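The structure appears right after this line, and notes come after that.
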């Protein structure tokens, strides 16, 4: 004879079955995060306290020596890191400022045009769509001694501005040129963010300013610009992050050259990890990566404070 | 009592299936690159060797019934990462083409390669050219280097052998376009550095836009190791040349000897092809093929690339980077060294078959066929006139190889600190020429400072 089941016990059974199903469904995501996230982060962090070339079965633990070597202790690595840090600082200073200087006026102009607005937006967004290895190679050809830019300058009678060694071959122009290319590729997203911001500005505010006699410049400078400060903060943060961690442009276009005149911290990390001729420098690469992470954390904190103040 | 339906059981089954699936896939990954009694897998980083190796493999299969699968992974950093990953997952192939006296010792020190010292006997070594026979083995000099702190070859033992030679060659070969030379009134290769600089001047005067020298300085070591070092060896002789990298400040790059040598090298500054400092090695060779330069600095291996890209070998004049007339070495020549070798992995399941394949590659007829297909020089002794076996271009280079104290051997790195980092030193040299941001004295002082930092780790 069947024994009746108490309603409470039955409910508990259903609840635990539901929980088991829930766990089963989230398990793949948890496993994936544990392997791809927690494990790799922990692995990378612990590697920063060791020397290893990727082949030996064991790591050689060195404590904080990798960090010290990178920052000051090693006459071999510290000068390279200092030089790369200086170049990175220039990039971090120039790229956000130039991105805002180009993207904001461009967005204001695009917002004000009545005809071909969509076409123009697409045109100015092209660098974002096309950015990639092929485009950077194309830039290399354009910037060579017999490339399109020198040809254009000479045909316009501006031969004095042309670079006989190419824009990437002259140590004085190589870094500014790479900064220009980085700005070129970061302007589209910034412009799009500004456009979105401009379209959310209350037209009544602009109308009121105009009624008070403000011209286009004053409206932009004293009404629109302050209202878009949060967008500017985001644009600057994104550009700073790209400048600090991005290095593909530098790797493809100059590989840090000529000499070491365009080496940046991201590229130096890559070089230590993969281009060190089998030296046991994976730990150094990891340590430099964590130093970059720390710098990014500080920047994020500063940005958060700025955002709170501006919004 | 009626058993209650266990609603959580299907959920448990899902988790079990996922776990088993992950376990199965993890286990099955181990044998991808593995071998059997009848199949060997060989990884190479040289795309130009693939067809030649496949051709040799066909003959090997006919002879032994063993198939050799050749797989290429490149460029070099991708290849190294591939080997790193395979080493971690126990998925190495049976055979690996390696940079001799470099990768092979590092991989061997890490336990990835089989020690071939007991298998490669005198009879086997006798098939190779005498200067390259020790290549791939742990000499006393390499063992001493392995004792340094942070040495990448720490763990090797004297007498071990981790590879046998596959291709030999040398750096410091100048390729010149014969037609442009003729137009400038030059009919023979320069015998001295001064004649070379005079030829550069004549060609540049005749053809200012395209009369220069190309070299892939995006890899800065090309300027240092392929161009400056042979000239410096000829100028200073072996001992004073080695001392440039030494600890004695009276003889390093910052010494009067060092600065004089740098100033001599700096004589080429007006003749660089515009923008050569931004080109990688292939792009510099292509610039020569496209007629953007008249001289191209490379190695014996450059010929294959030029030919593959359509440059007629009949239009090339090749000669070694010459020594200055007042140099210590009067008849400077270039000694061959093993550029690439083949290693057997420690995890191969067919060691006997792998060794059979290596021996087969060392046969004179197989090596000659490989050389003609790959346009690369084999390590095998092909007699007094190798041209009949490998063709006139490769044969001429093989005949030009030197030996003894008047021959500069780029493969000998025993005089440098074990943690030496060529690109860093070479970048400083680039600041002197072609970039001209440093004087010879300043560059010499900086190079010495950098090299000193390596000695502190020794």
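Protein chains in written order, with my numbering: chain A, 5 to 315; chain B, 103 to 560.
Note that the Cβ used here is the ideal one computed from N, Cα and C, for glycine as well.
Values in this document were obtained by computation on a predicted structure and should not be read as measured data.
Proximity winner among the options, relative to residue i (alpha-carbon distances)
i, options, result
"residue 415 of chain B", "B:421, B:405 and B:422", "B:405"
"residue 417 of chain B", "B:321, B:285 and B:214", "B:285"
"residue 247 of chain A", "A:256, A:265, A:270 and A:257", "A:270"
"residue 254 of chain A", "A:280, A:169, A:111 and A:272", "A:272"
"residue 125 of chain A", "A:49, A:200, A:267 and A:309", "A:200"
"residue 211 of chain B", "A:59, A:280, A:64 and A:104", "A:59"
"residue 333 of chain B", "B:356, B:384, B:296 and B:154", "B:296"
"residue 514 of chain B", "B:413, B:139, B:204 and B:533", "B:204"
"residue 292 of chain B", "B:314, B:427, B:455 and B:403", "B:427"
"residue 517 of chain B", "B:340, B:166 and B:236", "B:340"
"residue 188 of chain A", "A:168, A:143, A:131 and A:26", "A:131"
"residue 462 of chain B", "B:166, B:342, B:247 and B:147", "B:166"
"residue 298 of chain B", "B:283, B:311, B:264 and B:262", "B:283"
"residue 150 of chain B", "B:410, B:394 and B:357", "B:410"
"residue 322 of chain B", "B:381, B:344, B:154 and B:451", "B:381"
Beta bridge counterpart(s) of residue i as assigned by DSSP
i, result
"residue 143 of chain B", "B:171"
"residue 269 of chain B", "B:442"
"residue 447 of chain B", "B:215"
"residue 554 of chain B", "None, per the DSSP bridge assignment."
"residue 399 of chain B", "B:276"
"residue 263 of chain B", "B:239"
"residue 509 of chain B", "B:435"
"residue 54 of chain A", "A:65"
"residue 199 of chain B", "B:444"
"residue 606 of chain B", "Since the first and last residues shown for chain B are 103 and 560, residue 606 of chain B lies out of range."
"residue 230 of chain B", "B:482"
"residue 418 of chain B", "B:279"
CB contact flag (residue i, residue j, <8 angstroms)
i, j, result
"residue 284 of chain A", "residue 377 of chain B", "no"
"residue 505 of chain B", "residue 437 of chain B", "yes"
"residue 492 of chain B", "residue 473 of chain B", "yes"
"residue 278 of chain B", "residue 419 of chain B", "yes"
"residue 63 of chain A", "residue 54 of chain A", "yes"
"residue 272 of chain B", "residue 439 of chain B", "yes"
"residue 569 of chain B", "residue 175 of chain A", "Examination of residue 569 of chain B is not possible in this model, given that chain B is present from 103 through 560 alone."
"residue 480 of chain B", "residue 495 of chain B", "no"
"residue 390 of chain B", "residue 316 of chain B", "yes"
"residue 225 of chain B", "residue 443 of chain B", "no"
"residue 275 of chain B", "residue 324 of chain B", "no"
Contact list for residue i against chain B, beta-carbon separation under 8 angstroms
i, result
"residue 84 of chain A", "526"
"residue 278 of chain A", "179, 182 and 183"
"residue 283 of chain A", "252, 254, 521 and 523"
"residue 252 of chain A", "None at all; the shortest Cβ gap to chain B is about 14 angstroms."
"residue 148 of chain A", "377 and 380"
Chain-ordered chain A contacts of residue i [CB-CB under 8 angstroms]
i, result
"residue 189 of chain B", "58 and 59"
"residue 556 of chain B", "80"
"residue 214 of chain B", "59"
Local Cβ density within 10 Å of residue i, reported as buried at 16 or more and exposed below that
i, result
"residue 226 of chain A", "exposed"
"residue 184 of chain B", "buried"
"residue 235 of chain A", "buried"
"residue 104 of chain A", "buried"
"residue 487 of chain B", "exposed"
"residue 330 of chain B", "buried"
"residue 117 of chain A", "exposed"
"residue 131 of chain B", "For residue 131 of chain B, the predicted structure reports a pLDDT of 40, less than 50, and the residue's modelled location is therefore unreliable. A value from the coordinates is still provided. Exposed is the call here."
"residue 275 of chain A", "buried"
"residue 23 of chain A", "exposed"
"residue 119 of chain B", "In this prediction, residue 119 of chain B scores a pLDDT of 49, lower than 50, which makes its location untrustworthy; the coordinate-derived value is nonetheless stated afterwards. It is exposed - the Cβ of residue 119 of chain B has fewer than 16 other Cβ atoms within 10 Å."
"residue 66 of chain A", "buried"
"residue 482 of chain B", "buried"
"residue 70 of chain A", "buried"
"residue 281 of chain A", "buried"
"residue 375 of chain B", "buried"
"residue 555 of chain B", "buried"
"residue 164 of chain B", "exposed"
Proximal chain A residues relative to residue i, where beta-carbon distance stays under 7 angstroms
i, result
"residue 537 of chain B", "175, 262 and 263"
"residue 532 of chain B", "262 and 263"
Amino acids of chain B, ordered along the chain, whose beta-carbon sits closer than 7 angstroms to that of residue i
i, result
"residue 172 of chain A", "380"
"residue 259 of chain A", "320"
Residue i: contacting residues in chain A (beta-carbon distance under 9 angstroms)
i, result
"residue 156 of chain B", "Ordered by position in chain A, no residue passes the 9 angstroms Cβ test against residue 156 of chain B, which lies about 28 angstroms from the chain."
Beta-carbon neighbours of residue i, restricted to chain B and to distances below 9 angstroms
i, result
"residue 55 of chain A", "252"
"residue 168 of chain A", "376 and 377"
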